[in-house]
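Data first, discussion second: the structure below is written as structure tokens.
2 protein chains.
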Amino acid sequence: MSRIVADRSGKATHQETRAHNERLVLGTIYDRGPISRAEVARTTGLTRTTVSDLVAGLMRDGLTHEMGRGPSTGGKAPILLEVTDDARHLVGLDLGEKVFRGAIVDLRGEIVEAFSVPVEDRDGQEALERVFALVERLLATATRPILGIGIGTAGLIDTPLGTVLEAVNLDWRDVPLGDLVRERTSLPVYVVNDSQATALAEHVFGGPRTSNLLVVKVGQGVGAGIVIDGHLFQGDGFGAGEIGHTTVRPAGLACRCGRRGCLETVVSSRAILGRLAEAGWHGSLADAQRALAEGDPTVAEVVVAAGRELGVAVAWLIGALNVHRVVLVGSVAGFGEPWLAAVREEATRSALPLLSRDTVVEIGRLHDDGVVLGASALLMTQELGLSLAGLAAGRHTVEAAP
Amino acid sequence: MSRIVADRSGKATHQETRAHNERLVLGTIYDRGPISRAEVARTTGLTRTTVSDLVAGLMRDGLTHEMGRGPSTGGKAPILLEVTDDARHLVGLDLGEKVFRGAIVDLRGEIVEAFSVPVEDRDGQEALERVFALVERLLATATRPILGIGIGTAGLIDTPLGTVLEAVNLDWRDVPLGDLVRERTSLPVYVVNDSQATALAEHVFGGPRTSNLLVVKVGQGVGAGIVIDGHLFQGDGFGAGEIGHTTVRPAGLACRCGRRGCLETVVSSRAILGRLAEAGWHGSLADAQRALAEGDPTVAEVVVAAGRELGVAVAWLIGALNVHRVVLVGSVAGFGEPWLAAVREEATRSALPLLSRDTVVEIGRLHDDGVVLGASALLMTQELGLSLAGLAAGRHTVEAAP
DNA sequence: ATCGCTTTGTCCAGTCGTTGAACAAAGACG
DNA sequence: CGTCTTTGTTCAACGACTGGACAAAGCGAT
Numbered sequence: 001m002s003r004i005v006a007d008r009s010g011k012a013t014h015q016e017t018r019a020h021n022e023r024l025v026l027g028t029i030y031d032r033g034p035i036s037r038a039e040v041a042r043t044t045g046l047t048r049t050t051v052s053d054l055v056a057g058l059m060r061d062g063l064t065h066e067m068g069r070g071p072s073t074g075g076k077a078p079i080l081l082e083v084t085d086d087a088r089h090l091v092g093l094d095l096g097e098k099v100f101r102g103a104i105v106d107l108r109g110e111i112v113e114a115f116s117v118p119v120e121d122r123d124g125q126e127a128l129e130r131v132f133a134l135v136e137r138l139l140a141t142a143t144r145p146i147l148g149i150g151i152g153t154a155g156l157i158d159t160p161l162g163t164v165l166e167a168v169n170l171d172w173r174d175v176p177l178g179d180l181v182r183e184r185t186s187l188p189v190y191v192v193n194d195s196q197a198t199a200l201a202e203h204v205f206g207g208p209r210t211s212n213l214l215v216v217k218v219g220q221g222v223g224a225g226i227v228i229d230g231h232l233f234q235g236d237g238f239g240a241g242e243i244g245h246t247t248v249r250p251a252g253l254a255c256r257c258g259r260r261g262c263l264e265t266v267v268s269s270r271a272i273l274g275r276l277a278e279a280g281w282h283g284s285l286a287d288a289q290r291a292l293a294e295g296d297p298t299v300a301e302v303v304v305a306a307g308r309e310l311g312v313a314v315a316w317l318i319g320a321l322n323v324h325r326v327v328l329v330g331s332v333a334g335f336g337e338p339w340l341a342a343v344r345e346e347a348t349r350s351a352l353p354l355l356s357r358d359t360v361v362e363i364g365r366l367h368d369d370g371v372v373l374g375a376s377a378l379l380m381t382q383e384l385g386l387s388l389a390g391l392a393a394g395r396h397t398v399e400a401a402p
Numbered sequence: 403m404s405r406i407v408a409d410r411s412g413k414a415t416h417q418e419t420r421a422h423n424e425r426l427v428l429g430t431i432y433d434r435g436p437i438s439r440a441e442v443a444r445t446t447g448l449t450r451t452t453v454s455d456l457v458a459g460l461m462r463d464g465l466t467h468e469m470g471r472g473p474s475t476g477g478k479a480p481i482l483l484e485v486t487d488d489a490r491h492l493v494g495l496d497l498g499e500k501v502f503r504g505a506i507v508d509l510r511g512e513i514v515e516a517f518s519v520p521v522e523d524r525d526g527q528e529a530l531e532r533v534f535a536l537v538e539r540l541l542a543t544a545t546r547p548i549l550g551i552g553i554g555t556a557g558l559i560d561t562p563l564g565t566v567l568e569a570v571n572l573d574w575r576d577v578p579l580g581d582l583v584r585e586r587t588s589l590p591v592y593v594v595n596d597s598q599a600t601a602l603a604e605h606v607f608g609g610p611r612t613s614n615l616l617v618v619k620v621g622q623g624v625g626a627g628i629v630i631d632g633h634l635f636q637g638d639g640f641g642a643g644e645i646g647h648t649t650v651r652p653a654g655l656a657c658r659c660g661r662r663g664c665l666e667t668v669v670s671s672r673a674i675l676g677r678l679a680e681a682g683w684h685g686s687l688a689d690a691q692r693a694l695a696e697g698d699p700t701v702a703e704v705v706v707a708a709g710r711e712l713g714v715a716v717a718w719l720i721g722a723l724n725v726h727r728v729v730l731v732g733s734v735a736g737f738g739e740p741w742l743a744a745v746r747e748e749a750t751r752s753a754l755p756l757l758s759r760d761t762v763v764e765i766g767r768l769h770d771d772g773v774v775l776g777a778s779a780l781l782m783t784q785e786l787g788l789s790l791a792g793l794a795a796g797r798h799t800v801e802a803a804p
């Protein structure tokens with residue numbers, strides 16, 4: 001419970017063997033269901049005996065149920081199993097924008113209920129109070145057992161500890177958000193960076209599940225989330241994917257981080273609106289997106305230029321990680337095809353063709369729900385132990401060691 | 403045997419439980435030895451009973467032995483165990499340079515015997531014959547059971563299959579090198595990219611073992627190797643770390659890859675010598691390194707500029723991965739302190755301070771042996787199942803999944 | 001020296017969880 | 001209707017970890 005990270009390095013016991021196999025069976029039913037016990041046994045390599053036993057446990061927990069018989073293939077017709085999508089509900093929070101969003105989500109990533117709370121300029125303790133209120137409101141409407149609470153927020157987050165190390169927009173530093181919410185609710189709580197959450201969401205709920213995935217979020221800020229071998233990668237200091245403040249123009253515009261020419265000053269929504277203002281065009285981001293759709297040449301030029309710059313950054317990431325699926329999300333992705341084309345073009349031009357050839361760059365499908373769903377996805381993983389990495393396409397990690 | 407990748411996703415059985423614990427015990431003795439059974443039990447969490455049983459097996463295999471008694475802490479003096487460093491020997495090959503190097507290595511990474519074979523301009527089948535000859539010569543001198551053969555070579559390598567997908571310098575395409583050598587020797591064979599091998603070597607033999615490690619190799623080419631959570635990360639297409647052909651100067655010099663302004667055209671040994679030639683300075687890389695040491699200002703200027711450019715690349719990697727240890731290797735690293743300082747300075751300037759602050763950038767200690775040792779390290783992992791990731795500093799990966 | 005205490009390493013019964021064979025149930029096909 | 005397949009369960013067996021007990025070995029105090 002509440003244990004971050006399946007400790008791959010600890011001892012192995014019989015209980016862990018069983019837990020592992022139980023997760024394997026649950027994951028198989030989740031991904032391949034409706035499916036019979038015998039088929040689960042074949043795909044997992046376990047014996048039918050063991051699968052039956054494990055499924056009995058899952059059914060006792062209400063996580064799966066029998067949903068009818070399948071067609072016979074020459075023998076007894078199989079009893080089909082599927083995951084009970086609303087056996088548990090999850091609470092997911094998105095504190096990354098000017099409005100806090102919270103939702104109740106089922107095991108399939110469907111949003112059951114959602115609320116928003118404006119935050120305006122409140123920060124520090126006041127912002128915290130809004131979070132508590134939002135959580136309580138969500139919990140009050142819950143109709144199923146709540147598995148826990150997942151929170152995605154901008155900033156540098158120590159996920160295993162559940163501590164917000166630094167969130168400039170909310171003026172939080174070393175806030176033990178996880179513990180605070182856990183105390184009030186007595187539920188498991190997980191906190192994760194919003195870009196990283198989005199990556200998890202796209203990995204779990206956002207289409208074909210690949211082992212490795214790179215998600216680049218471009219809104220007011222720029223951040224990436226990296227899923228490697230089905231696991232969120234946070235780096236040594238939880239800051240993996242924090243590419244927004246890498247310098248791309250040594251003599252460029254001043255950035256809110258205090259330095260000059262960061263990627264953020266070139267590709268973020270603010271950067272685009274700034275450039276448009278310079279060109280005499282004024283309006284909101286939504287206005288700009290409408291204008292682009294209507295063929296405004298000024299907007300098109302600025303947006304394509306920003307897309308190209310982002311393409312260079314994507315090329316670095318593709319070169320470094322050789323990931324075959326890159327998903328772009330965030331408000332700037334709302335510019336759609338012209339912007340996407342620019343990103344793709346420049347990424348292809350700047351990366352080794354051998355690497356970029358097989359790489360798909362696309363816009364995410366989860367839109368505004370990415371963070372909320374990602375926080376939920378983290379929760380599902382940790383609390384249910386569901387790990388579908390193995391069901392994804394082949395892995396290419398090789399163990400290191402002495 | 404010869405199975406790449408401990409399949410984290412398959413079913414768990416009692417045998418795997420035992421194998422896992424055996425590796426855990428062996429790894430603990432390897433890292434912490436001399437150590438008593440009781441101490442192993444405490445650090446692993448296994449019972450003394452189980453540890454004794456597993457150690458008995460390891461001793462039967464000759465992998466570990468008792469080496470005396472330790473001081474009593476108030477009770478019976480412990481019997482100390484250590485890994486028998488030469489219980490097995492490994493064959494490591496480096497095909498990345500103009501001279502093929504091969505070595506016999508013990509379990510501690512000590513080179514027992516080494517040979518070199520000039521390759522000159524031979525490529526294709528001829529180069530392959532040289533490899534076979536080198537392997538046979540090494541095997542003929544072996545005095546211990548050989549665990550297998552590890553091969554590091556430039557190019558794009560499908561490590562699980564042991565196939566060289568593309569190695570321009572040797573004119574190999576889709577060469578099943580692993581199978582070819584395996585057929586001739588009946589030994590387990592692993593093939594891996596040379597930069598990736600170097601990363602493994604630095605991870606396993608190159609100093610304090612951290613979970614994540616980034617190794618950047620700068621010689622005639624530029625490549626990186628990425629160790630994540632103790633595992634070599636190869637990406638979806640085995641090309642992770644292939645940063646040498648990311649464009650940094652859209653209108654820059656022509657690269658051997660056919661495009662312009664690749665990182666390689668700016669920071670490689672060839673690039674440095676080219677710039678020096680432009681400045682009227684002629685000589686070999688070794689000459690340049692001597693000249694730098696003697697204070698030649700022309701050389702210093704060019705080298706520092708190249709270092710700065712590499713620093714920008716390192717900044718991207720630090721930003722993307724937030725890895726706390728970056729090791730620089732390859733012939734260009736021979737420029738030493740002035741070059742290193744330039745890389746550090748620019749990396750710090752270009753990366754988010756929050757990320758670069760805790761990052762150590764240093765020059766590798768394994769020098770010319772990196773690839774050979776890395777190939778051996780891969781072999782040890784795969785064949786002995788040694789995985790020391792868990793003994794390294796805390797991990798920050800969080801499981802993903804539905 | 002001796003007694004008591006602590007620690008180490010081993011032995012043994014117990015338990016947990018997977019396995020494999022056997023079997024009944026259920027359906028397809030000739 | 002009988003035979004053959006496939007499914008899902010039952011049962012005995014086995015493999016591997018656990019916990020308690022015990023002998024061996026050492027320290028310290030009397």
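Going down the list, the protein sequences come from chains A and B. First residue of the first sequence? That's 1 in the working numbering, and the numbers climb one at a time after it. First residue of the second sequence? That's 403 in the working numbering, and the numbers climb one at a time after it. Don't be surprised by glycine CBs; every beta carbon is placed ideally from N, CA and C.
Buried versus exposed, by CB contacts within 10 Å (16 or more), residue i
i: residue 769 (chain B); result: exposed
i: residue 347 (chain A); result: buried
i: residue 98 (chain A); result: exposed
i: residue 688 (chain B); result: exposed
i: residue 413 (chain B); result: buried
i: residue 788 (chain B); result: buried
i: residue 384 (chain A); result: buried
Minimum C-alpha distance to residue i - residue among the options
i: residue 183 (chain A); options: A:208, A:135, A:216; result: A:135
i: residue 609 (chain B); options: B:665, B:510, B:698; result: B:510
i: residue 762 (chain B); options: B:728, B:707, B:787; result: B:728
i: residue 249 (chain A); options: A:238, A:262, A:240, A:258; result: A:262
i: residue 415 (chain B); options: A:44, A:255, A:34, A:29; result: A:44
i: residue 33 (chain A); options: A:337, A:69, A:284, A:122; result: A:69
Own chain partners of residue i with C-beta closer than 7 Å, once the 5 adjacent residues on each side are dropped
i: residue 465 (chain B); result: 428, 485, 486, 489
i: residue 566 (chain B); result: 555, 557, 559, 574, 577, 579, 593
i: residue 671 (chain B); result: 621, 622, 687, 733, 734
i: residue 310 (chain A); result: 218, 267, 343
Neighbourhood of residue i by C-beta distance below 6 Å, restricted to the same chain and skipping five residues each side
i: residue 401 (chain A); result: Any reading at residue 401 (chain A) must be qualified, since the residue scores a pLDDT of 35, below 50, and its modelled position is unreliable; no value is offered.
i: residue 424 (chain B); result: 456
i: residue 634 (chain B); result: 598, 602
i: residue 683 (chain B); result: 700
i: residue 604 (chain B); result: 617, 729, 766
i: residue 709 (chain B); result: 741, 744, 745
Host beta strand (DSSP E) of residue i (start-end)
i: residue 94 (chain A); result: 89-94
i: residue 515 (chain B); result: 513-520
i: residue 173 (chain A); result: 172-175
i: residue 135 (chain A); result: Counting along the chain, residue 135 (chain A) falls outside any beta strand (DSSP E), though it belongs to the alpha helix (DSSP H) covering 124-140.
i: residue 48 (chain A); result: Segment 48-60 is the alpha helix (DSSP H) holding residue 48 (chain A); no beta strand (DSSP E) there.
i: residue 504 (chain B); result: 501-508
i: residue 605 (chain B); result: Taken as a continuous stretch (DSSP letters only), residue 605 (chain B) belongs to no beta strand (DSSP E), being part of the alpha helix (DSSP H) at 596-607.
Same chain only: Cβ atoms within 8 Å of residue i, ignoring 5 sequence neighbours per side
i: residue 18 (chain A); result: 54
i: residue 754 (chain B); result: 721
Range of the contiguous alpha helix (DSSP H) that encloses residue i
i: residue 64 (chain A); result: That residue, residue 64 (chain A), is in no alpha helix (DSSP H); its beta strand (DSSP E) goes 64-69.
i: residue 21 (chain A); result: 14-32
i: residue 274 (chain A); result: 269-278
i: residue 772 (chain B); result: 772-781
i: residue 742 (chain B); result: 739-752
At what residue ranges does the segment 309-334 of chain A contain a whole run of the beta strand (DSSP E), taking only runs of 3 or more?
Segments of the beta strand (DSSP E) lying fully in the segment 309-334 of chain A: 325-329.
Which parts of the segment 141-167 of chain A are runs of the beta strand (DSSP E), unbroken and 3 residues or longer, counting only runs that do not cross its ends?
With a minimum length of 3 residues, the continuous beta strand (DSSP E) runs that stay inside the segment 141-167 of chain A are 146-153, 156-158, 163-167.
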